[in-house]
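**Student:** Protein chains in written order, with this note's numbering: chain H, 1 to 365; chain Z, 1001 to 1205. Please find one structure pasted underneath; my questions will follow.
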């Protein structure tokens, strides 16, 4: 099982000091967070994509390529790549390029984006979100798997004799996850292609995650990619951890109370009850996280959100130390002991290359 | 004997409130009207006052918490709804509208609804026709023709029982609509009718 962190790349005022980091500071901080994730033994770093303040990450492949150069083992991913408003041709080119530079340590998570004005800024309409995600992704797959593409569709100019370069590393495109909080069509899309499904699992009650994952697993089996329990599932999660539970609650509360997404509403205790948020000791985070398996089954990837709401870099790095030293090693051991042998790990470049070598006809189909 | 579920939404703020008092009168009359038509009824009351903070939280977090989810399920799963609000500043109360705002699209489509309101004077009575009924028309609910308004003076009983007659007429209309239809039409399950991906790819869904 893979463990990692994902960032939405927000620039938020630290409510305890009133200080807002500059873009320059926050961009350097995100690189440091990614490096630290590798240093403490985590597997994945995923970065969001936004095209409006207060977010800085408009160009994830630039950041991820820089991180790739400064790390050697870390898997680089996105959270999420906007499949609706980006040109699929540019996604195909950018991420194949990144894949080469990173030596294959790249996968992507597709998302639609829920910021209304971003769509018209990129010539699209949010009401067309699902059809855009469907058409653009179908084209993206062809651009990665076919050397020469003739294509026409509803949302971009037609292509005649187009070759997306560079070709994917070793002829194997990056693995793709699809993220959605509550659109069953996106779970269906992931299942249809045998891709991964990632549930945000932060802002909403677990029942939403449970239902979406159950539906994705059922459809994964229906589309013939394997049994339902072999489908590739990833979960988000939000934690704040200190050795002592009371210290964690006391330190995180002002960040929670003023957080951009859920602040000024329910109490930290209420939100912890209603959603997967866990604020407490390493043991509490371990127990809660192991409990995710009870409602989604054996899954392949767990990403934690730890750097939002104005938390200073020093605190985030301390969070990574605690995750790497006390939380993740236990989770690795416990999850591995529970997982049956026929449930696969998350695909990596190496495993996809190996799979193609053993069953060439399936991969090229 | 068919048993129907009747959800009663009351947005009164004081305890006891005249809004709840009117809601109870309408409920008793509706249960009696259903019995006359050979049907039984179970009643579930949603006092919005108890969910005031849940509603505020739902706006901030984007999802209803467990207590509010239960209240929403009570209303969306009922065979009929009695909806009663006090008049605040020329319309239904903000608390009442907040509850309507957290319902999913289509949650009240085709649902038989009896509308009612309370206020200090009868000068506000057209709020039912100019605010409440358009709101429920937008929700595609089936509102019964008689909406019941009760001003403070109506509780004095000096109108020769006019309020009681309106309550009975509205309850009879609601019972007529309910008995003519199958039991508990639950809202559509979004996971049950996901189009096949081939249809999505062809742009047909």
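All C-beta atoms in this analysis are idealised placements derived from N, C-alpha and C, irrespective of residue type, glycine included.
List, in chain order, every chain H residue whose beta-carbon is nearer than 9 Å to that of residue 1201 of chain Z.
**Tutor:** Going along chain H in sequence order, the residues near residue 1201 of chain Z (Cβ under 9 Å) are 134, 135, 138 and 192.
**Student:** What residues match up with residue 279 of chain H in a beta bridge as DSSP calls it?
**Tutor:** In the DSSP output, where bridge partners are listed per residue, residue 279 of chain H has H/240.
**Student:** Please classify residue 338 of chain H: is it buried, with 16 or more other beta-carbons within 10 angstroms of its beta-carbon, or exposed?
**Tutor:** Exposed.
**Student:** Spell out the partners DSSP gives residue 177 of chain H in its beta bridges.
**Tutor:** In the DSSP output, where bridge partners are listed per residue, residue 177 of chain H has H/109 and H/196.
**Student:** Just confirm the distance between the C-beta atoms of residue 1006 of chain Z and residue 1080 of chain Z, as a whole number of angstroms; I'd bet it's less than 8 Å.
**Tutor:** The pair is a contact, with the Cβ atoms about 5 Å apart (cut-off 8 Å).
**Student:** Name, in chain order, the residues that DSSP records as bridge partners for residue 94 of chain H.
**Tutor:** In DSSP, residue 94 of chain H forms no bridge with anything.
**Student:** Under 9 Å, do residue 79 of chain H and residue 176 of chain H count as touching if we go by C-beta distance?
**Tutor:** Result no, Cβ atoms of residue 79 of chain H and residue 176 of chain H do not sit closer than 9 Å.
**Student:** Where residue 1069 of chain Z and residue 266 of chain H are concerned, what is the direct C-alpha to C-alpha distance, given to the nearest angstrom?
**Tutor:** Cα to Cα, residue 1069 of chain Z sits roughly 15 Å from residue 266 of chain H.
**Student:** Hey, does residue 176 of chain H have any beta-carbon neighbour from chain Z nearer than 9 Å?
**Tutor:** Taking Cβ atoms only, chain Z never reaches closer than 9 Å to residue 176 of chain H, which makes this a no.
**Student:** Measure from the C-beta of residue 131 of chain H to each C-beta in chain C and report whether the shortest distance is under 9 Å.
**Tutor:** Absent from the structure is chain C; the protein chains it does hold are H and Z.
**Student:** Less than 9 Å between the beta carbons of residue 300 of chain H and residue 1 of chain H, yes or no?
**Tutor:** It is a contact, given that the beta carbons lie within the stated cut-off.
**Student:** Tell me whether the beta-carbon of residue 115 of chain H lies closer than 9 Å to the beta-carbon of residue 178 of chain H.
**Tutor:** No; because the gap between Cβ atoms is not below 9 Å, this pair is not in contact.
**Student:** Should the stretch 1162-1179 of chain Z be regarded as contacting the stretch 98-113 of chain H, the criterion being three or more beta carbon pairs within less than 8 Å?
**Tutor:** Touching, no, given that fewer than three Cβ pairs across the two stretches are closer than 8 Å.
**Student:** Hey, quick one: how far does the alpha helix (DSSP H) through residue 1176 of chain Z stretch, first residue to last?
**Tutor:** Its alpha helix (DSSP H) spans residues 1162-1179.
**Student:** By Cβ distance below 6 Å, which residues in the same chain neighbour residue 152 of chain H in space, the five residues on each side in sequence not counted?
**Tutor:** Here the set comprises 158.
**Student:** Quick one: complete alpha helix (DSSP H) runs, 4+ long, within the stretch 1109-1156 of chain Z?
**Tutor:** Runs found: 1133-1138.
**Student:** Starting from residue 1075 of chain Z and walking both ways along the alpha helix (DSSP H), at which residues does that stretch end?
**Tutor:** 1066-1076 is the extent of the alpha helix (DSSP H) around residue 1075 of chain Z.
**Student:** What residue from H/270, H/213 and H/281 has the CA that sits closest to residue 246 of chain H's CA?
**Tutor:** Considering only alpha carbons, the answer is H/281.
**Student:** For residue 1052 of chain Z and chain H, any beta-carbon pair shorter than 9 Å?
**Tutor:** With 9 Å as the cut-off, residue 1052 of chain Z does not count as an interface residue toward chain H.
**Student:** CA-CA distance, residue 15 of chain H and residue 1116 of chain Z?
**Tutor:** Straight-line Cα distance between these residues: approximately 46 Å.
**Student:** Would you call residue 1001 of chain Z buried or exposed, if buried means 16 or more other Cβ atoms sit within 10 Å of its Cβ?
**Tutor:** The residue is exposed, with fewer than 16 neighbouring Cβ atoms inside 10 Å.
**Student:** Using CA atoms only, rank isn't needed, just tell me which of H/118, H/42, H/255 and H/110 is closest to residue 141 of chain H.
**Tutor:** Closest option to residue 141 of chain H, Cα to Cα, is H/110.
**Student:** So with CB distances below 7 Å, who are the chain H contacts of residue 1074 of chain Z?
**Tutor:** Those within 7 Å of residue 1074 of chain Z in chain H number zero; the least Cβ separation is about 17 Å.
**Student:** Can you list the residues of chain H that residue 1191 of chain Z reaches, using a CB-CB cut of under 8 Å?
**Tutor:** Here the neighbours are 184, 211 and 215.
**Student:** Closest to residue 1065 of chain Z by CA distance: which of H/311, H/274, H/323 and H/117 is it?
**Tutor:** Of H/311, H/274, H/323 and H/117, the residue nearest in Cα terms is H/274.
**Student:** From what residue to what residue does the alpha helix (DSSP H) around residue 129 of chain H run?
**Tutor:** Element bounds for residue 129 of chain H: 129-145.
**Student:** Check whether the Cβ of residue 261 of chain H lies closer than 9 Å to any Cβ atom in chain Z.
**Tutor:** Yes, its Cβ sits closer than 9 Å to a Cβ of chain Z.
**Student:** Would residue 262 of chain H and residue 311 of chain H be called neighbours here (beta carbons separated by less than 9 Å)?
**Tutor:** Not a contact, by the Cβ cut-off of 9 Å.
**Student:** State the DSSP-derived secondary structure class of residue 84 of chain H, mapped to helix, strand or coil.
**Tutor:** Three-state result, residue 84 of chain H: coil.
**Student:** Taking residue 298 of chain H as the reference, give the member of H/264, H/45, H/213 and H/92 with the closest Cα.
**Tutor:** Of H/264, H/45, H/213 and H/92, the residue nearest in Cα terms is H/213.
**Student:** Quick one: give me the first and last residue of the beta strand (DSSP E) that residue 1196 of chain Z is part of.
**Tutor:** Taken as a continuous stretch (DSSP letters only), residue 1196 of chain Z belongs to no beta strand (DSSP E), as it is neither H nor E.
**Student:** Scan the stretch 1027-1052 of chain Z for residues whose Cβ lies nearer than 9 Å to a Cβ of chain H and list them as they occur along the chain.
**Tutor:** Of all residues in the stretch 1027-1052 of chain Z, none has a Cβ within less than 9 Å of some Cβ in chain H.
**Student:** For the stretch 264-324 of chain H, list the alpha helix (DSSP H) runs that are entirely contained and at least 4 residues long, ordered along the chain.
**Tutor:** With a minimum length of 4 residues, the continuous alpha helix (DSSP H) runs that stay inside the stretch 264-324 of chain H are 268-274, 282-296 and 313-322.
**Student:** Grouping DSSP H, G and I as helix and E and B as strand, with all else coil, what is residue 1010 of chain Z?
**Tutor:** It is a strand residue.
**Student:** Helix, strand or coil, according to DSSP, for residue 340 of chain H in the structure here?
**Tutor:** Looking at residue 340 of chain H - three-state DSSP - the assignment turns out to be coil, as it is neither helix nor strand.
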